[in-house]
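Below: one structure, written as structure tokens.
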Amino acid sequence: PHTHTHSTLSLTLSFTHSDTVTHSASHQSTSLMSNPDPPPKTDVDEYLAYNVIFFFNDLQGIFDMASPVCTVESCPLMNAGSRYEFCWNFGKGPAKQVSAPYYFDLCLLWIQSLIQDKKLFPVRTGSKFPKQFKSVVKKIFERSLRLEGETK
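The opening residue of the sequence shown carries number 962 in our numbering; numbering runs sequentially from there.
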């Protein structure tokens, strides 16, 4: 069995590609969760990047709230009900069963590492997002939604 040590994650990034994104991103009503379409004149990749960070910060809060209730003992497997069980691929061999808190921690660390990769999430004005950016964002949201399912 895996033991779980809660790590405190901290992430603050600022995207300065355009004033439009900075301005629109400061209004919660323009988030991906409330409106899937970016505001007019907003770069789609910048909008997605902002929303990945916004959602990541929300997930950290959910993790902090769920930690006292969802422990290694009370949540020995990562699942979303009895029909779906999620395993973690450590890069070697088949994916392995892990506790929900451990999966949550691994997922947050994985997302944080992607967000902090300046080649994937460029922060300089005029920098282009890589071709695979949207597919990485899709994968981030897929895994993030698993975490949401576990906490319901």
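Where is the CB? At the ideal position from N, CA and C, for every residue including glycine.
Looking only at C-alpha atoms, which of the options sits nearest to residue i?
i, options, result
"glutamine 1077", "Ile1014, Pro999, Lys1053 and Asp1025", "Ile1014"
"cysteine 1031", "Tyr1063, Asn1012, Cys1048 and Lys1057", "Tyr1063"
Can you give me the C-alpha to C-alpha distance between residue i and residue j, rounded to a whole angstrom?
i, j, result
"leucine 1020", "serine 1105", "8 Å"
"isoleucine 1023", "valine 1097", "22 Å"
"phenylalanine 1051", "serine 1088", "31 Å"
"serine 1025", "proline 1055", "According to the sequence shown, residue 1025 is aspartate rather than serine. When rounded, the distance between both Cα atoms is 29 Å."
"isoleucine 1101", "glutamine 1093", "12 Å"
"alanine 1027", "leucine 1067", "15 Å"
"threonine 983", "asparagine 1018", "At threonine 983, the pLDDT of 38 sits below 50, so the modelled position is not reliable; the number obtained from the coordinates is stated separately. So the two alpha carbons sit approximately 17 Å from each other."
"glycine 1042", "leucine 1108", "12 Å"
Between the beta-carbon of residue i and the beta-carbon of residue j, is there less than 8 Å?
i, j, result
"glutamate 1046", "asparagine 1040", "yes"
"tyrosine 1008", "proline 1001", "no"
"phenylalanine 1090", "aspartate 1006", "yes"
Could you tell me how far apart the beta carbons of residue i and residue j are, in whole angstroms, since I believe they sit closer than 8 Å?
i, j, result
"alanine 1010", "cysteine 1036", "The pair is not a contact, with the Cβ atoms about 31 Å apart (cut-off 8 Å)."
"leucine 1081", "leucine 1075", "6 Å"
Consult DSSP for residue i and reduce its assignment to one of helix, strand or coil.
i, result
"asparagine 1040", "strand"
"cysteine 1048", "strand"
"glutamine 1093", "coil"
"lysine 1100", "helix"
"leucine 970", "Because the pLDDT of leucine 970 is 41, which lies under 50, any placement of that residue in the model is unreliable, and the question is left without a value."
"glutamine 1021", "helix"
"glutamine 1073", "helix"
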